[in-house]
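Here's the structure we're looking at; comments come further down.
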Amino acid sequence: MTGQNSAVDEVVRITSDLIRIDTSNTGDPDTVVGEREAAEYVAAELTEVGYDVEMLDSGAPGRSNVFCRLPGADPSRDALLLHGHLDVVPAEPSEWSVHPFSGAVQDGYVWGRGAVDMKDMVAMTIAVARRFKREGVVPPRDIVFAFVADEEAGGKYGAQWLVENRPDLFAGCTEAVGEVGGFSLTLGEDRRVYLIEAAEKGIAWMRLHARGRPGHGSFLHDDNAVTRVAEAVARLGNHTFPLVLTDTVRAFLAEMREITGLEFPEDDLEGSLAKLGPLARIVGATVRDTANPTMLRAGYKANVIPSTAEAVVDCRVLPGRQEAFLREVDELLGPDVTREWVTELPPVETPFEGPLVEAMAAALQTEDPGSRAIPYMLSGGTDAKSFQRLGMRCYGFAPLRLPPDLDFASLFHGIDERVPIDALEFGTRVLDTFLQNS
Numbered sequence: 001m002t003g004q005n006s007a008v009d010e011v012v013r014i015t016s017d018l019i020r021i022d023t024s025n026t027g028d029p030d031t032v033v034g035e036r037e038a039a040e041y042v043a044a045e046l047t048e049v050g051y052d053v054e055m056l057d058s059g060a061p062g063r064s065n066v067f068c069r070l071p072g073a074d075p076s077r078d079a080l081l082l083h084g085h086l087d088v089v090p091a092e093p094s095e096w097s098v099h100p101f102s103g104a105v106q107d108g109y110v111w112g113r114g115a116v117d118m119k120d121m122v123a124m125t126i127a128v129a130r131r132f133k134r135e136g137v138v139p140p141r142d143i144v145f146a147f148v149a150d151e152e153a154g155g156k157y158g159a160q161w162l163v164e165n166r167p168d169l170f171a172g173c174t175e176a177v178g179e180v181g182g183f184s185l186t187l188g189e190d191r192r193v194y195l196i197e198a199a200e201k202g203i204a205w206m207r208l209h210a211r212g213r214p215g216h217g218s219f220l221h222d223d224n225a226v227t228r229v230a231e232a233v234a235r236l237g238n239h240t241f242p243l244v245l246t247d248t249v250r251a252f253l254a255e256m257r258e259i260t261g262l263e264f265p266e267d268d269l270e271g272s273l274a275k276l277g278p279l280a281r282i283v284g285a286t287v288r289d290t291a292n293p294t295m296l297r298a299g300y301k302a303n304v305i306p307s308t309a310e311a312v313v314d315c316r317v318l319p320g321r322q323e324a325f326l327r328e329v330d331e332l333l334g335p336d337v338t339r340e341w342v343t344e345l346p347p348v349e350t351p352f353e354g355p356l357v358e359a360m361a362a363a364l365q366t367e368d369p370g371s372r373a374i375p376y377m378l379s380g381g382t383d384a385k386s387f388q389r390l391g392m393r394c395y396g397f398a399p400l401r402l403p404p405d406l407d408f409a410s411l412f413h414g415i416d417e418r419v420p421i422d423a424l425e426f427g428t429r430v431l432d433t434f435l436q437n438s
């Protein structure tokens, strides 16, 4: 087993193994499971082939992370960080066709929670890292491999803690590659573009508070905390924030216009985006800020008007819009409702240019001649929000060639999450070529 085949032959096994380790991240540190077990598995796979591995907890017991460095041919060059997270969102087994932590390999797919978010990329990275070490492949520059905890809850016990407390682990890294990008979109007759994440919206989880006069539920009452917070939530939830085209979204639309001939006029942008099919959900969420109410809490008895009420709102903010967004939110909330941040992580935007981008595009074309790499913005968030604080240029590149009829976006945090076996094998070859030429 030599060359890229040695990595390809391992990637399905590693993906399935990782999925079988339940690393569900509820957001409550007391109920998080499996991250240490997964980190120990990764460390063992890397140690077996000769890597000098460092495993450490980040801020809390069991929130384990694995690091190793592969020296490159030119030690004077800046290093590349290749990062992935080991945790997953929870899954309810009764809703799935297969058990979400079975790692089942059937019907041409590997099934289970984390199959696309992001144990597939972790497995591809491990498989390639093992091949490089086993066969003496020397990349052009140092590669730092990082497998971290807690991404699904914002990274407080993962990337955030590591950046703040152990920046030495990333010494020399000026560029970083992680999720969510590199997946294919088929246009027309067997024409594919691969979407590379060059930007992502900021995350601002906001808790609203309202106070009022408590009293009996049968009385007339004009000072009700529940009413105040409910009205504020309704104003936010029904509000449409202004259309804003960032550099990344403009570049995406320009590429799609050139490739497809479709027009995307700003006076009917959302209508024209619908022509992109399932991708419209992803792109449509990156042309406006959003503020979606997700949680309400108030009261303790049906006939008691409480003195306080709370709500949680999931806000996603475009690059460059933070100050304007907050002004708009405060106007909508009014003077009787206050806000505080539960989580606040900044937007990310990196120019889609330079040798690293060229290496991604070239690696994809090696495996899929005639394909095209184009930038896009992710409406969610990744650990890039933390790594950019160390001055890194961050991209999402987990390459997968997908079946044209697969609704890939719906698999993220969805029921019956799965990844095609041939996409895993394709991605492993692409990643291998990319790392040898980056």
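If you count the sequence shown from 1, position 349 lands on 349 in the UniProt record's numbering, and the numbers rise without skipping. Positions of the beta carbon are idealized from the N, C-alpha and C atoms, including for glycine.
Buried or exposed (CB count within 10 angstroms, at least 16 for buried), residue i
i	result
W161	buried
K119	buried
T125	buried
V32	buried
K301	exposed
V12	buried
Q4	buried
M1	Its pLDDT being 47, under 50, M1 is placed unreliably in this model, and the coordinates cannot settle the point.
P293	buried
A73	exposed
N224	buried
D117	buried
N238	exposed
A7	buried
E175	buried
Pick from the options that is closest to residue i, judged by C-alpha positions
i	options	result
R134	P265, Q106 and V49	V49
T186	A146, L406, P335 and L262	L406
S438	A361, W96 and L402	A361
P369	V12, R401, P347 and P71	R401
M206	S24, L236 and F170	L236
A60	Q436, R327, A324 and D30	D30
M377	K201, C315 and F170	K201
V342	R20, K156, D52 and E349	K156
P420	E37, S6, A39 and G112	G112
S386	M256, A363 and N165	N165
E10	T433, M256, Q436 and E425	E425
P351	A298, L273 and I196	I196
V66	G108, Y395 and A43	A43
T23	A153, C315, V105 and S97	A153
First and last residue of the uninterrupted alpha helix (DSSP H) at residue i
i	result
N5	Q4 to R20
D120	K119 to E135
P399	Note, P399: premise wrong, no alpha helix (DSSP H); not H, not E.
N165	A159 to N165
V337	Unbroken run through V337 is the beta strand (DSSP E), V337 to L345; no alpha helix (DSSP H).
E270	L269 to L273
A384	A384 to F387
residue 442	The displayed coordinates of the chain run from 1 to 438. Any statement about residue 442 would go beyond what the structure contains.
L431	I421 to Q436
Extent of the continuous beta strand (DSSP E) to which residue i belongs
i	result
P314	A quick correction: the sequence has Asp, not Pro, at residue 314. Residues T308 to V317.
I415	Per DSSP, I415 belongs to no beta strand (DSSP E) and is neither H nor E.
A204	G202 to R211
F67	S64 to L70
D57	E54 to D57
A79	A79 to H85
S184	F183 to L187
Assigned secondary structure, residue i (DSSP; H/G/I helix, E/B strand, else coil)
i	result
W111	strand
M1	Residue placement at M1 is flagged as unreliable, the pLDDT there being 47, under the threshold of 50; the coordinate-derived value follows with that caveat. The answer is coil: DSSP assigns M1 none of H, G, I, E or B.
Y41	helix
F219	coil
D142	coil
M256	helix
G237	helix
P375	strand
T47	helix
residue 439	The question about residue 439 has no answer, for the chain in this structure spans 1 to 438.
F352	coil
S24	strand
M392	coil
G284	helix
E263	coil
V32	coil
S76	coil
A176	strand
L243	coil
Residues bridged to residue i [DSSP beta-bridge criterion]
i	result
Q106	Y109
H99	Paired residues: none, contrary to the question.
V249	Looking at the DSSP assignment, V249 forms no beta bridge with any residue, so it has no partner.
E197	Y376 and G396
V148	H85
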